Amino acid sequence: MHISRRNFVKLLGGSLAGFAVGGLGEALIKIPNAVVPILYKGPRIETWKITTCAKCPGHCGLRVRMIDDLPVQVFGNPLSPINAGGICPMGLTSIQNLYHPDRLTSPMRKVNGKFQKVSYHEAYGILSKALQDNSGEKTAFVAQAESDFMGRLIHDFTQSLKSEKVAIDRFGSKTVLPYRSAADDYPDFIDFSRCDLIINFGSQLTEISESPLFFSRAVNDLRSKRGSIVTFSPKLTPSAFKSKPWIPVLPEFYEDVALGLACVILNDGTYDKGFVQKNFNDFGSFRQLILEDYSPADVEKKTGVPSKDIIATAREFASATSPVAYFDESILQSSNGTRNAYAVLALNALRGFSGYGKLQTREIPGDDKTKSDAASASWNTSRLIGDADLKVLLIYRSNFIFNSPNSEDLRKAISNIPLVVSFSPFIDETTELANLIIPDHDDFEKFDAMSSTVTGAPVVSVQRPVVKPFYATTHTGDVLISLMHDLNLSKDLPYGNYVDYLRANLKPVYKHGKGMLMAQKKPTGLEKSLHEAGWQLTSYSDFDEFWDQMLKYGGWWDPFPKVEQFSPTLSLSASQLTGKGSASSEKKTHDADSLTLNIFSKNLDYKGNMLRNAALTEQFGVERDVYYDTWIEINPNTAKKLSVGDRTKVRVQTRRGSFVATAIHNPTVVPSNIDVPFGLGHKFTEKKYGINPIDYADYVFDEATGTPSLSETSVKIE
Ligand code: SF4
């Protein structure tokens, strides 16, 4: 039954928060018929349930307010060590997806170009037969899995099919790749207990990161302890706003800036000689290369970053007690992305990676980023193009067609694959290309778990269903495990469904007996003493009790982890650093007169999906009248040169076409940039709102990881 938001709020006594009316018109809410009588009659009993947010890799704990067993409002769980009660707009509005009128309500099969409802039995049969006929390299899997447990299951599933064609996308999962090729280890966390300076290369720590709410708290604490953050980035994002200073630079120049900083430190002799002697292979060649080619004056000429800023930042880095030069996956969004990361690794090595930490032991099997998060190291969606062997493509919640500049080539490639199966709960630009859809449950209807080390302690957050599934949807994990059994893909599989899989993976946490449930904020002084005397903080009669308590409290963590200084060995050749001979090494020099299209993600929406949710779309527009239209942000000086008035319509021309947008003057925009937001231009709304700027971007990718570049397209304004 479709009802209006206003009536839904009225029926539940005004208790609904986070639902927007929105410029898309009154947002409708769809309620399954079975629930309607309860909604109208009550008895209006309030209860609360704990779960975990799965909208980004942050894994924040949630407290869900229920009226008559219907979730109506979401708060942050104050006992989660990750978010400590905080919640972001995406988490706050996450229940909108549960009630969203566009949710798919049953499996669908495409017949004569149109989707028709089919039974789960029929859909499963089609998929099962196709995999039976086409295992191995004829099958590929593309997934957007915020849960590392689900990511690992997908990895296990494709391995059991003997396919290496798997791309598991979770923001932050690719961060590990440069470490894999240049170092022998990966840090678990920034050690905020010691770190007093972060030099941040482009990451949006408090918005789009491995844990936005944890980083928000940690960054505030760092600043209150007089620590500082210096950010190099092409845009003054809210994260960059917390930095002092913010130094504007295009992402393609991060490597030059990092090596310019290294040059000052090498020249001054203020690096950790003991560390580099022991941990930096062929340090002499590195030193010679940097001193010859990356003087602050040379770097200024190339990047536009003033040499005085390079010198001052380098000296701050050299004199800090435990500094961190930080990057995350966003550094790869450039044609030289992996080289950018190598340069930042080399800079860290000069201070012995002193601000990073590592857990000494791991309680969760497979929770090793160097293995589990690197599933997409050798294969990515661009490899779909020209792969004539592919017969089956499985897609879990990924809208990679919307996110890729080469979407037209990808569309063509997909149209040649005989069976494309999507597990998405919604139709989107990628799902519409499928022949078969087996929709996944909504996050509030399913079990999952996520592990994290970002806080410096091992944390396992558990997602549990707060309502029974509204529709004929399925847990995709259950589908994969059924297939593994039915097709005999894996011998002696010790689990029958996804809950069994989670339980099996969490048994080691129970067995070692350490840590505590998220039932209290911190251990008391007495508990700390008992722990030091060898006592177990929480005891359970058996694993079932441990599991039940995990579900009740939302997870487990170890407040007393054994940690050590992160101390990798680095092997970086001159060609890895400079990319000599590669296309992206022939880089242009910063030219303040040419214009570059810089595609930026609005707060938290790195998947670009917020158009489905009016509350989010309206929160991040420049102002009310440009929520739903594409706008560009332009430096007022650049605008003056081009005679572009504030809030006037302009035509933006790239090599791939042109679009009309409202120009907004913004003094914080780099003069050579035209900033354009990502997230509009979807086809899933009845009317088309704005454009997808990626459709106008050049086909430029990081050579090593296949990550699309978002800031190397030349642009003209008319
Ligand atoms: S930061 Fe991420 S995990 Fe936390 S509430 Fe927001 S979307 Fe959810």
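Okay, so the sequence shown: first residue is 38 according to the numbering used here, each after it adds one. Note that the Cβ used here is the ideal one computed from N, Cα and C, for glycine as well. All values reported here derive from a predicted model rather than from experimental measurement.
Proximity of residue i and residue j at Cβ, strictly below 9 angstroms
i	j	result
L543	M587	yes
S707	A698	Checking the sequence shown, residue 707 turns out to be Val, not Ser. Their beta carbons are not under 9 angstroms apart, which means V707 does not touch A698 by this criterion.
I119	F251	yes
Q557	L116	yes
T89	S498	yes
I236	F269	yes
T243	S253	yes
V342	G389	no
L369	T691	no
I132	V101	yes
F36	L526	Residue numbering for the chain in the displayed model covers 38 to 755; residue 36 lies beyond these limits and cannot be assessed.
P442	Y736	yes
F696	Y733	yes
F721	D139	yes
A219	S608	yes
L228	G394	Note on identity: in this sequence residue 228 is Asp, with Leu being the wrong assignment. Cβ atoms of D228 and G394: closer than 9 angstroms.
Q325	T274	no
S751	L653	no
K272	N710	yes
Closer than 8 angstroms: residue i CB and nearest the ligand SF4 heavy atom
i	result
G128	yes
A255	no
N120	yes
C300	no
P92	The question names Pro, but residue 92 in the sequence shown is Lys. The answer is yes for K92.
C232	no
I87	no
I124	yes
S131	yes
G592	no
H158	no
G188	no
L421	no
P249	yes
L653	no
G716	no
G264	no
H96	yes
D727	At residue 727 the sequence reads Gly, which differs from the Asp that was named. Every heavy atom of the ligand SF4 is 8 angstroms or more from the Cβ of G727, so no.
H99	Note that residue 99 corresponds to Leu in the displayed sequence, not to His. Result yes, Cβ under 8 angstroms from the ligand SF4.
G297	no
G645	no
G113	yes
For residue j and residue i, believed in contact at Cβ under 8 angstroms, the rounded distance
i	j	result
N385	T606	Not quite, the Cβ-Cβ distance comes to about 13 angstroms (not below 8 angstroms), so this is no contact.
P730	L648	That pair is no contact at about 13 angstroms.
I205	A182	6 angstroms
S459	I432	5 angstroms
E292	N373	6 angstroms
Y379	L614	6 angstroms
I474	T467	Rounded, the Cβ-Cβ distance is 11 angstroms, inconsistent with contact.
L520	S165	6 angstroms
The alpha helix (DSSP H) enclosing residue i, as first and last residue numbers
i	result
E582	F580 to Y590
K78	V73 to K78
V504	First-last for V504: undefined, no H or E at that position.
Q133	I132 to L135
G98	Segment G98 to I104 is the beta strand (DSSP E) holding G98; no alpha helix (DSSP H) there.
H192	D185 to S197
K428	Segment: none, K428 is in no alpha helix (DSSP H) and carries neither H nor E.
S253	P249 to S261
H568	G562 to E569
A277	P275 to F278
Y291	Y291 to D305
Residue i - containing beta strand (DSSP E), residue span
i	result
D485	D485 to S489
V687	T685 to T691
D712	N710 to F715
F603	Neither: F603 is in no beta strand (DSSP E) and is coded neither H nor E.
K151	K151 to K154
K720	Looking at the DSSP string, K720 is not in any beta strand (DSSP E), and its letter there is neither H nor E.
Y393	Y393 to L396
H702	G694 to H702
A676	Premise fails: A676 lies in the alpha helix (DSSP H), P673 to L679, not in any beta strand (DSSP E).
Any non-hydrogen atom of the ligand FMN closer than 8 angstroms to residue i Cβ
i	result
L259	By its list of ligands, the structure shown excludes the ligand FMN, since it contains just the ligand SF4.
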